[in-house]
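In the working numbering, the protein residues as written are 4 to 82. The beta carbon of each residue, even a glycine, is placed where N, CA and C say it ideally should be. Data first, discussion second: the structure below is written as structure tokens.
Structure, rendered in structure tokens:
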């Protein structure tokens with residue numbers, strides 16, 4: 004797995020917890036811990052990151068930008 008993407012995901016998980024989005028952060032944390040391969044992880048988190056970006060519950064624009072950037076990096080890796 005890309006160290007950059009792993010670092011981005013860990014930061015996003017931390018910030019989602021701070022924002023009170025526990026289920027979203029837990030899903031990403033579980034995917035990070037238990038995915039069998041990098042490709043499996045990227046497919047799992049890609050949809051979740053897209054959903055979080057469009058989620059009206061997340062009001063933090065800075066965090067949305069971080070999530071969008073991470074999702075773009077994940078998409079590049081998958082392709």
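Task: Presumed contact (8 Å Cβ cut-off) between residue 81 and residue 45, rounded CB distance - done: Stepping through the chain shown from its first residue, residue 81 is reached at position 78. Stepping through the chain shown from its first residue, residue 45 is reached at position 42. Rounded, the Cβ-Cβ distance is 5 Å, consistent with contact.
Task: Endpoints, the alpha helix (DSSP H) within which residue 39 is located - done: For the purposes of this step, residue 39 is taken as the residue at position 36 of the chain shown. Neither: residue 39 is in no alpha helix (DSSP H) and is coded neither H nor E.
Open item on the list: If I follow the unbroken alpha helix (DSSP H) through residue 13, where does it start and stop?
Closed with: The count along the chain shown starts at 1 and reaches residue 13 at position 10. Start and end: 6-21.
TODO: Identify the continuous alpha helix (DSSP H) that holds residue 76 and give its terminal residues.
DONE: Residue numbering aside, residue 76 sits at position 73 when the chain shown is read from its first letter. Unbroken alpha helix (DSSP H) run through residue 76: 64-81.
Open item on the list: Counting C-beta neighbours from all protein chains within 10 Å, is the total for residue 27 16 or more, i.e. buried, or is it exposed?
Closed with: As a first step, residue 27 is located in the chain shown; it is residue number 24 there, counting from the start. By the neighbour-count rule (16 or more Cβ atoms within 10 Å), residue 27 is buried.
Open item on the list: If distances are taken between C-alpha atoms only, which option among 79, 47, 55 comes closest to residue 68?
Closed with: Start at 1 with the first residue of the chain shown, and residue 68 comes out as number 65. It is 55 whose Cα lies nearest to the Cα of residue 68.
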